[in-house]
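Okay, so here's the structure we're looking at.
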Amino acid sequence: MRRGSRSTVVAVLLTVAGLVLLLWGSGQGSSFVAEPQGTWGPPPIRLPELPDLVSVEQPGDEITDAEGAPEGAERVIDLVLLFYAAVVVAGVLLVLRALLRRDRRERDPVEEPDEELLALLDASGEEVRYRALTEGDPRNAVVACWVALEDAVDRSGLSTDPSETAAELTTRVLGRWQVDPPAIIDLSEAYREARFSRHPVTEEQRRAAVDALERIHADLRRRALAEQEAASAAADADAAGADR
Numbered sequence: 007m008r009r010g011s012r013s014t015v016v017a018v019l020l021t022v023a024g025l026v027l028l029l030w031g032s033g034q035g036s037s038f039v040a041e042p043q044g045t046w047g048p049p050p051i052r053l054p055e056l057p058d059l060v061s062v063e064q065p066g067d068e069i070t071d072a073e074g075a076p077e078g079a080e081r082v083i084d085l086v087l088l089f090y091a092a093v094v095v096a097g098v099l100l101v102l103r104a105l106l107r108r109d110r111r112e113r114d115p116v117e118e119p120d121e122e123l124l125a126l127l128d129a130s131g132e133e134v135r136y137r138a139l140t141e142g143d144p145r146n147a148v149v150a151c152w153v154a155l156e157d158a159v160d161r162s163g164l165s166t167d168p169s170e171t172a173a174e175l176t177t178r179v180l181g182r183w184q185v186d187p188p189a190i191i192d193l194s195e196a197y198r199e200a201r202f203s204r205h206p207v208t209e210e211q212r213r214a215a216v217d218a219l220e221r222i223h224a225d226l227r228r229r230a231l232a233e234q235e236a237a238s239a240a241a242d243a244d245a246a247g248a249d250r
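Just so we're aligned, residue 7 is where the sequence shown starts under the numbering used here, counting upward by one.
Printed below as a string of structure tokens:
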């Protein structure tokens with residue numbers, strides 16, 4: 007719990023304790039400061055004992071306590087004080103529960119998507135697709151679509167197998183993020199044809215490569231959203247379990 011939340015909880019508890027003590031003291035009709043009990047001072051003057059006066063109760067008279075308050079009214083006051091004390095305690099408990107829940111959520115934020123996934127989302131984003139569709143010749147544009155994904159995998163720092171090519175590694179990583187295999191195949195084949203063939207690459211091939219990259223991006227985005235929802239649900243479940 008953070009220092010601010012802890013201080014707030016302590017202050018609320020002290021306030022409640024003071025209110026409950028005050029209400030209890032008022033209900034008991036006692037003073038918090040007792041009369042002095044010392045033996046100093048002049049000796050008390052003893053008066054002769056007088057016979058008790060016999061009082062005759064009249065019909066309709068109410069039984070009162072030493073201070074003259076009706077006994078029934080005293081009980082009503084005690085019940086009212088107890089009721090207000092219970093309301094105060096219940097309200098404070100609700101406040102404390104809300105503070106603890108908020109502090110727990112601040113300490114356990116929803117996890118962000120994996121850095122590798124974020125890099126792939128950026129490499130297949132709208133800006134990259136727009137440049138591939140509108141800038142340069144079709145051959146370079148098709149190659150750029152696939153190379154952007156390879157660079158994203160390389161930046162993620164994933165350990166690689168020396169016998170694995172960059173294209174094979176990119177294909178494996180995309181498959182791990184549950185990207186639709188046909189989209190990966192379409193873009194990887196367009197990339198190999200544009201890079202290693204000698205015949206011209208058409209605008210239609212450019213658009214097909216950009217379309218495959220867009221499908222890859224859509225699958226990656228769905229995976230990122232699913233991971234965020236799962237992390238949020240797990241955090242809410244932990245918070246609910248801790249509140250019980």
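For each residue, glycine too, the CB sits at the ideal point set by N, CA and C.
Please list the terminal residues of the continuous alpha helix (DSSP H) segment that includes residue i.
i, result
"residue 142", "Segment: none, residue 142 is in no alpha helix (DSSP H) and carries neither H nor E."
"residue 163", "Note, residue 163: premise wrong, no alpha helix (DSSP H); not H, not E."
"residue 176", "172-182"
"residue 192", "187-202"
"residue 128", "121-129"
Please report the Cβ distance between residue i and residue j, rounded to the nearest whole angstrom; I am assuming they are in contact, meaning their Cβ atoms lie under 8 Å.
i, j, result
"residue 189", "residue 222", "5 Å"
"residue 159", "residue 179", "5 Å"
"residue 197", "residue 134", "Their Cβ separation, rounded to whole angstroms, is 14 Å, which puts residue 197 and residue 134 out of contact at 8 Å."
"residue 186", "residue 225", "5 Å"
Give a yes or no on whether the C-beta atoms belonging to residue i and residue j are separated by under 8 Å.
i, j, result
"residue 139", "residue 207", "no"
"residue 155", "residue 126", "yes"
"residue 177", "residue 194", "yes"
"residue 145", "residue 200", "yes"
"residue 184", "residue 137", "no"
"residue 129", "residue 167", "no"
"residue 227", "residue 147", "no"
For residue i, count neighbouring C-beta atoms within 10 Å of its own C-beta (all shown protein chains included) and say buried if the count is 16 or more, exposed if not.
i, result
"residue 123", "buried"
"residue 99", "exposed"
"residue 203", "exposed"
"residue 81", "exposed"
"residue 96", "exposed"
"residue 218", "buried"
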